[in-house]
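Enquirer: Sequential numbering of the sequence shown, starting at 18, is according to the working numbering.
By construction, the Cβ of each residue, glycine as well, lies at the ideal position given by its N, Cα and C atoms.
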Amino acid sequence: MMSTLTVGLLLADRALHLVDATGGIGHDRVVEAAHVTELTSPGPWLQGGELLMTIGLLLLDEAAQRAWVEQTASSGVAALAVGLGASLPFQQAPPAMVEAARVAGLPLLAVPDDVPFIAVTKAVFAARAAAERDELERAVAAHRALTAAAAGVGGLEGLLTAWWRASGAPAVVVDPVGRLLASAGAGAGPLVAAAREGLEQVAGHGLRAAASVTVGAHEARLHPLGTRRVRGLLAVGGSGAGADRLVLQGMVSLLSLDLERRHLMGADRRRERAELVGRLLLAGADGDRASSLLRVAGLPDQVQGLAVAAAGQDAAEVAADLALALPGGLVRVHEGLVEAVAGHDVDVRAVLARFAGGLPAGVGPVVGGRQARASVREARAAAGATR
Numbered sequence: 018m019m020s021t022l023t024v025g026l027l028l029a030d031r032a033l034h035l036v037d038a039t040g041g042i043g044h045d046r047v048v049e050a051a052h053v054t055e056l057t058s059p060g061p062w063l064q065g066g067e068l069l070m071t072i073g074l075l076l077l078d079e080a081a082q083r084a085w086v087e088q089t090a091s092s093g094v095a096a097l098a099v100g101l102g103a104s105l106p107f108q109q110a111p112p113a114m115v116e117a118a119r120v121a122g123l124p125l126l127a128v129p130d131d132v133p134f135i136a137v138t139k140a141v142f143a144a145r146a147a148a149e150r151d152e153l154e155r156a157v158a159a160h161r162a163l164t165a166a167a168a169g170v171g172g173l174e175g176l177l178t179a180w181w182r183a184s185g186a187p188a189v190v191v192d193p194v195g196r197l198l199a200s201a202g203a204g205a206g207p208l209v210a211a212a213r214e215g216l217e218q219v220a221g222h223g224l225r226a227a228a229s230v231t232v233g234a235h236e237a238r239l240h241p242l243g244t245r246r247v248r249g250l251l252a253v254g255g256s257g258a259g260a261d262r263l264v265l266q267g268m269v270s271l272l273s274l275d276l277e278r279r280h281l282m283g284a285d286r287r288r289e290r291a292e293l294v295g296r297l298l299l300a301g302a303d304g305d306r307a308s309s310l311l312r313v314a315g316l317p318d319q320v321q322g323l324a325v326a327a328a329g330q331d332a333a334e335v336a337a338d339l340a341l342a343l344p345g346g347l348v349r350v351h352e353g354l355v356e357a358v359a360g361h362d363v364d365v366r367a368v369l370a371r372f373a374g375g376l377p378a379g380v381g382p383v384v385g386g387r388q389a390r391a392s393v394r395e396a397r398a399a400a401g402a403t404r
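(1) If we ignore side chains and look at the alpha-carbon of each, how far apart do residue 158 and residue 114 end up?
(2) Could you compute how far the alpha carbon of residue 245 sits from the alpha carbon of residue 337?
(3) Should residue 142 go down as buried or exposed, given a rule of 16 or more other Cβ atoms within 10 Å for buried?
(4) Could you check the C-alpha separation between residue 315 and residue 155 for me, to the nearest Å?
(5) Which value, in whole angstroms, describes the spacing of the CA atoms of residue 359 and residue 386?
(6) With 16 other CB atoms within 10 Å as the buried threshold, where does residue 1 fall?
(7) Residues in the same chain with beta-carbon distance under 6 Å from residue 395, minus the five sequence neighbours each way, listed in chain order, please.
(8) Could you name each continuous alpha helix (DSSP H) segment of 4 residues or more that falls completely within the stretch 22-82, going from the start of the chain to the end?
(9) Applying the criterion that 16 or more other CB atoms from any shown protein chain within 10 Å of the CB defines a buried residue, is residue 281 buried or exposed?
(10) Go ahead and pull the three-state DSSP assignment for residue 231.
(11) Report yes if the CB atom of residue 123 is closer than 9 Å to the CB atom of residue 99, and no otherwise.
(12) Going by DSSP, what residues sit across from residue 241 in a beta bridge?
(13) Using beta-carbon positions only, say whether residue 239 and residue 272 come within less than 9 Å of one another.
(14) Between residue 341 and residue 194, what straight-line distance do the alpha-carbon atoms span, to the nearest angstrom?
(15) Do residue 97 and residue 89 count as a contact pair if the criterion is CB distance below 9 Å?
(16) Measuring alpha carbon to alpha carbon, tell me which of 247, 243 and 268 ends up nearest residue 253.
(17) Could I get the ranges of all uninterrupted beta strand (DSSP E) runs contained in the stretch 106-151, with 3 residues as the minimum, in chain order?
(18) Can we count residue 33 as close to the ligand ADP, meaning its CB is less than 8 Å from some heavy atom?
(19) Taking buried to mean at least 16 other C-beta atoms within 10 Å of its own C-beta, is residue 168 buried or exposed?
(20) Do residue 52 and residue 69 come within 9 Å of each other at the CB atom, strictly closer than that value?
(21) Taking residue 173 as the reference, which of 275, 121, 283 and 111 has the closest Cα?
(22) DSSP three-state label for residue 349, please.
(23) Indicate the three-state DSSP secondary structure (helix, strand or coil) for residue 191 in the structure shown.
(24) Could you say which of 101, 139, 392 and 370 lies nearest to residue 71 if we only look at CA atoms?
(25) In angstroms, rounded to a whole number, what distance separates the CA positions of residue 152 and residue 45?
(26) Specify, as a first and last residue, the run of the beta strand (DSSP E) that residue 319 falls within.
(27) Please classify residue 265: is it buried, with 16 or more other beta-carbons within 10 angstroms of its beta-carbon, or exposed?
(28) Leaving out the 5 sequence neighbours to the left and right, which residues in its chain are closer than 8 Å to residue 317 when beta-carbon positions are compared?
(29) Kindly list the residues whose CB is nearer than 7 Å to the CB of residue 228, restricted to its own chain and excluding five residues on each side of it in sequence; keep chain order.
(30) Within 10 angstroms of the Cβ of residue 290, are there 16 or more other Cβ atoms? Answer buried if so, exposed if not.
(31) Over the uninterrupted alpha helix (DSSP H) stretch that includes residue 200, give me the two end residues.
(32) Ignoring anything shorter than 3 residues, give me the beta strand (DSSP E) runs that lie fully in the stretch 328-393, in order along the chain.
(33) Tell me whether residue 96 sits in a helix, a strand or coil according to DSSP, three-state version.
(34) From residue 25 to residue 43, what does the alpha carbon distance come to, in whole angstroms?
(35) Please classify residue 64 as buried or exposed, where buried requires at least 16 neighbouring CB atoms within 10 angstroms.
(36) Does residue 83 pass the burial test, meaning 16 or more other C-beta atoms within 10 Å, or should it be called exposed?
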């Protein structure tokens with residue numbers, strides 16, 4: 018995580034000799050910047066997170082001091098500081114200002130006479146620059162670790178483990194139907210549910226559908242994976258700030274490449290299953306032969322046909338998605354349509370809505386294995402009628 022500059026760290030800087038006038042209030046508040054003002058109403062010029070310094074040139078009465086503290090507190094400053102000195106309005110922190118700061122829960126620091134405001138300002142911005150430099154160095158180291166993991170034999174698991182070691186954030190990858198492919202990190206379990214829920218959100222929006230979901234007490238950032246089509250979904254725990262955010266985009270790319278490799282490696286199996294579909298749909302296939310082929314695919318004797326009208330590369334991609342989503346993977350591209358045979362217990366309309374949404378499609382009746390050809394024929398006719 019990016020190291021942050023807090024009020025406590027500023028007080029601990031011996032070169033500044035700052036004094037805590039409010040007795041330990043707000044030492045954990047993060048200082049984003051330093052600013053000097055002598056305005057009585059500086060609120061419109063503040064963004065929040067500042068260490069706001071003043072010598073109180075126009076804050077000579079208690080009412081003005083209290084009002085100044087109240088307004089700056091409402092503007093979200095991190096802390097206040099008042100400069101002290103023999104030739105300045107105050108030689109000690111004004112009691113009214115101290116009391117108002119305590120009431121507001123706002124730390125008030127006293128800057129001694131021998132410490133110019135510019136020294137405090139430089140210290141704040143030097144600390145911020147160092148933190149940003151550390152963040153970039155962490156990001157570079159994490160990218161190297163991820164690249165090494167991608168070049169190794171650990172696959173998705175190796176990449177997620179490298180991410181977790183670099184960021185401390187758990188992560189999981191699921192395939193397009195919600196099956197867990199890899200996980201890493203303590204607390205990864207609840208992310209699986211988040212990823213599966215996220216699939217519903219991103220299904221219709223493709224690779225640009227990054228999102229955040231909350232499941233129970235767990236927040237997850239979701240990132241679709243793939244190059245042309247969604248091959249999986251990454252769910253990452255944590256807020257994703259700083260270097261983690263920088264590294265995350267690199268990990269998404271590496272995970273996408275790994276899933277694309279898996280997709281290509283699965284081409285042989287998809288061809289085998291496509292040939293099995295052809296044998297199953299052969300005219301005159303007897304019941305015993307059909308049952309045997311269905312058993313090879315792990316399907317019951319009662320099946321239903323489906324067809325999707327898709328052409329060219331789209332047909333190949335739809336077929337690959339359906340082969341992944343349908344138990345048994347009995348899918349082929351034949352005569353200009355994607356054909357598939359699914360078990361009778363599969364909600365094929367839901368599968369088609371997710372993986373072939375917007376394309377003409379048809380579903381045949383549930384039949385015995387020997388009538389699979391007839392069911393697919395009806396599905397083809399329905400798909401053709403909806404073109």
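Expert: Once the coordinates are examined:
(1) Here residue 158 refers to the residue found at position 141 when the sequence shown is read from its first residue. Here residue 114 refers to the residue found at position 97 when the sequence shown is read from its first residue. Roughly 46 Å separates the two Cα atoms.
(2) As a position in the sequence shown, residue 245 is number 228, starting the count at 1. As a position in the sequence shown, residue 337 is number 320, starting the count at 1. So the alpha carbons of these two residues sit roughly 13 Å apart.
(3) The residue you call residue 142 lines up with position 125 of the sequence shown. So residue 142 counts as exposed.
(4) For the purposes of this step, residue 315 is identified with residue 298 of the sequence shown, where counting begins at 1. For the purposes of this step, residue 155 is identified with residue 138 of the sequence shown, where counting begins at 1. Straight-line Cα distance between these residues: approximately 48 Å.
(5) The sequence position of residue 359 within the sequence shown is 342, counting from 1. The sequence position of residue 386 within the sequence shown is 369, counting from 1. Taking the straight line joining both Cα atoms gives about 11 Å.
(6) Since the first and last residues shown for the chain are 18 and 404, residue 1 lies out of range.
(7) Locating residue 395 in the sequence shown gives position 378, counting from the first residue. For residue 395, where only same-chain residues beyond five positions count, the Cβ hits under 6 Å are 381.
(8) 24-29
(9) For the purposes of this step, residue 281 is taken as residue 264 along the sequence shown, with counting starting at 1. By the 10 Å Cβ count, residue 281 comes out exposed.
(10) Residue mapping note: residue 231 aligns to position 214 of the sequence shown, counting from 1. Here residue 231 sits in strand by DSSP.
(11) Counted from its first residue, the sequence shown places residue 123 at position 106. Counted from its first residue, the sequence shown places residue 99 at position 82. Not in contact: residue 123 and residue 99 (Cβ atoms no closer than 9 Å).
(12) Residue numbering aside, residue 241 sits at position 224 when the sequence shown is read from its first letter. Paired residues: 250.
(13) Taking the sequence shown and counting its residues from 1, one reaches residue 239 at position 222. Taking the sequence shown and counting its residues from 1, one reaches residue 272 at position 255. No, these two residues do not count as a Cβ contact at 9 Å.
(14) The count along the sequence shown starts at 1 and reaches residue 341 at position 324. The count along the sequence shown starts at 1 and reaches residue 194 at position 177. Roughly 8 Å separates the two Cα atoms.
(15) For the purposes of this step, residue 89 is identified with residue 72 of the sequence shown, where counting begins at 1. For the purposes of this step, residue 97 is identified with residue 80 of the sequence shown, where counting begins at 1. Yes, these two residues count as a Cβ contact at 9 Å.
(16) Position 236 of the sequence shown holds residue 253. Nearest C-alpha to residue 253: 268.
(17) 125-128
(18) With respect to the ligand ADP, the structure offers nothing, as it holds no ligand at all.
(19) On the sequence shown, position 151 is the one that residue 168 refers to. Label assigned to residue 168: exposed.
(20) By 1-based counting over the sequence shown, the position of residue 69 is 52. By 1-based counting over the sequence shown, the position of residue 52 is 35. In contact: residue 69 and residue 52 (Cβ atoms closer than 9 Å).
(21) What you label residue 173 is simply residue 156 of the sequence shown in a count that begins at 1. Answer by Cα proximity: 275.
(22) Position 332 of the sequence shown holds residue 349. Note: residue 349 maps to strand in three-state DSSP.
(23) Taking the first residue of the sequence shown as position 1, residue 191 is located at position 174. Reduced to three states, the DSSP call for residue 191 is strand.
(24) If you number the sequence shown from 1, residue 71 lands on position 54. Of the listed residues, the one whose Cα sits closest to residue 71 is 101.
(25) The residue you call residue 152 lines up with position 135 of the sequence shown. The residue you call residue 45 lines up with position 28 of the sequence shown. Approximately 20 Å between the Cα atoms of the pair.
(26) The residue given as residue 319 occupies position 302 in the sequence shown. 319-326 is the extent of the beta strand (DSSP E) around residue 319.
(27) Indexing the sequence shown from 1 puts residue 265 at position 248. It counts as buried.
(28) Position 300 of the sequence shown holds residue 317. So the qualifying residues of the chain are 311, 360, 361 and 362.
(29) Locating residue 228 in the sequence shown gives position 211, counting from the first residue. Within the same chain, residue 228 has close Cβ partners 215, 218, 219 and 239.
(30) Within the sequence shown, residue 290 is the residue found at index 273, counting from 1. When all chains shown are included, residue 290 counts as buried.
(31) The residue you call residue 200 lines up with position 183 of the sequence shown. Note, residue 200: premise wrong, no alpha helix (DSSP H); beta strand (DSSP E) at 197-201.
(32) 348-351, 354-360 and 378-385
(33) Position 79 of the sequence shown, counting from 1, holds the residue named residue 96. Reduced to three states, the DSSP call for residue 96 is strand.
(34) Locating residue 25 in the sequence shown gives position 8, counting from the first residue. Locating residue 43 in the sequence shown gives position 26, counting from the first residue. Straight-line Cα distance between these residues: approximately 8 Å.
(35) Against the sequence shown, residue 64 aligns to sequence position 47. So residue 64 ends up on the exposed side.
(36) Here residue 83 corresponds to residue number 66 of the sequence shown, with the count starting at 1. The residue is buried, with at least 16 neighbouring Cβ atoms inside 10 Å.
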